[in-house]
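A.B. asks:
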Amino acid sequence: MNAALRNASRAVLLALSAGLTACAEAGGPLAPEPEQPRLLLANSSETLATGLNLSNGSSVSWNVSMPASGTIRLSLDARINWSSTAGNSTIFEIKVNGTPVTATHLYNKSSSYTYPNRGGTESYYANRGSAWGQATSYWGLFWSPDFTANNTSSDYYYVQGGNAYTFVFTISGLVNYGQVNTIQLVNQGGWVQTATGNSPTIVLRDVIVTAS
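Printed below as a string of structure tokens:
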């Protein structure tokens, strides 16, 4: 019985080897095909992710085939995962075709926010970690257990003026129309870990690109 099994296994391996060799000789692929670019049609939207976690230092990117014209916007909800509400740390980098999305691209709210309960106003796009190694300006996200707490008026870290977690960017000036474009999101939280010992995880929701 064991000899029969060994012979059968050997036959399967030989067949597999022969198949791979034939594929190679014929020029056929031995690895999975790369993911096809997402197609964004005119006057429509394309969901890149409904939910996603980015650990400290990690990134994610999508290739998106853009329409020939129109206003292109990127929208998403983002926060730093934490057991309670806390301040805002500038760790979120967004790039389109390698070019950073900056404060000039923010569409849905003011470029700054205010804490009415604790006091203070800060910019969403800033370099608040330069003393701990932050290289340049990144987008600030709130430390929060969910996507509602910083919008609650009774919370100590209540954010006044627009949804604290929702960002909409007009990225028309960064895209190449009628071509495949790359959208990249990066967790640049290394400086936070240096400063506090905490390694921040970015939680993303409803990452959508829209043409209108």
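Add 14 to a position in the sequence shown, counting from 1, and you land on the number used in my numbering.
Where is the CB? At the ideal position from N, CA and C, for every residue including glycine.
The structure presented is a predicted model; accordingly, all values stated were derived computationally and were not measured.
Provide the residue(s) that pair with N131 in DSSP beta bridges, ordered along the chain.
C.D. replies: For N131, which the question treats as bridged, DSSP gives no partner whatsoever.
A.B. asks: Work out the CA separation of Y121 and F161 for me, nearest whole Å.
C.D. replies: The alpha-carbon atoms of F161 and Y121 are separated by roughly 20 Å.
A.B. asks: Of the choices Q174, W96 and N201, whose alpha-carbon is the least far from that of W153?
C.D. replies: Closest option to W153, Cα to Cα, is N201.
A.B. asks: If we ignore side chains and look at the alpha-carbon of each, how far apart do L155 and T85 end up?
C.D. replies: If you take the alpha carbons of L155 and T85, they lie about 26 Å apart.
A.B. asks: On a CA-only basis, which of G112, S137 and S124 is nearest V189? Give me that one, please.
C.D. replies: Checking every option, the nearest Cα to that of V189 belongs to G112.
A.B. asks: For Y191, count the other beta carbons within 10 Å of its own beta carbon; 16 or more makes it buried, fewer makes it exposed. Which is it?
C.D. replies: Classification of Y191: exposed, given that the 10 Å Cβ count is below 16.
A.B. asks: With a 10 Å radius around its C-beta and 16 neighbouring C-beta atoms as the bar for buried, classify A225 as buried or exposed.
C.D. replies: Buried is the call here.
A.B. asks: Within 10 angstroms of the Cβ of P159, are there 16 or more other Cβ atoms? Answer buried if so, exposed if not.
C.D. replies: Flag for P159 reads exposed.
A.B. asks: Contact between the region 127-142 and the region 90-99: three or more CB pairs below 8 Å?
C.D. replies: The answer is no - the region 90-99 does not touch the region 127-142, with fewer than three Cβ pairs under 8 Å.
A.B. asks: May I have the straight-line CA-CA distance separating T104 from Q193, to the nearest angstrom?
C.D. replies: Spanning the two alpha carbons is a distance of roughly 31 Å.
A.B. asks: What residue range is occupied by the uninterrupted beta strand (DSSP E) comprising V217?
C.D. replies: Counting along the chain, the beta strand (DSSP E) containing V217 begins and ends at I216 to A225.
A.B. asks: Is the Cβ-Cβ distance between V223 and S59 less than 8 Å?
C.D. replies: Going by C-beta atoms, V223 is nearer than 8 Å to S59.
A.B. asks: For W146, count the other beta carbons within 10 Å of its own beta carbon; 16 or more makes it buried, fewer makes it exposed. Which is it?
C.D. replies: Looking at its Cβ environment, which holds fewer than 16 other Cβ atoms inside 10 Å, W146 is exposed.
A.B. asks: Closest to F172 by C-alpha separation, out of S79, G101, T150 and V74, would be which residue?
C.D. replies: Correcting the residue type first, residue 172 is Tyr in the shown sequence and not Phe. The candidate whose alpha carbon is nearest that of Y172 is G101.
A.B. asks: Determine the DSSP secondary structure at W96, reduced to helix, strand or coil.
C.D. replies: Note: W96 maps to coil in three-state DSSP.
A.B. asks: What did DSSP end up calling L188 once you bin it into helix, strand or coil?
C.D. replies: Helix at L188.
A.B. asks: Are the CB atoms of S124 and G176 within a distance shorter than 8 Å?
C.D. replies: Yes, the Cβ-Cβ distance between G176 and S124 is below 8 Å.
A.B. asks: Which residue marks the beginning of the beta strand (DSSP E) containing W153, and which one marks its end?
C.D. replies: Y152 to S158 is the extent of the beta strand (DSSP E) around W153.
A.B. asks: State the Cα-Cα distance for the pair T196 and I185, rounded to the nearest angstrom.
C.D. replies: Going from the Cα of T196 to the Cα of I185 covers about 12 Å.
A.B. asks: Is the separation between the beta-carbon of F181 and that of L54 shorter than 8 Å?
C.D. replies: Taking 8 Å as the Cβ cut-off, F181 and L54 do not qualify as a contacting pair.
A.B. asks: Return the residue from the list S73, T99 and G65 that minimises the CA-CA distance to Y170.
C.D. replies: Comparing Cα positions, the closest option is T99.
A.B. asks: Determine whether the beta carbon atoms of P51 and S79 lie at a separation below 8 Å.
C.D. replies: Yes.
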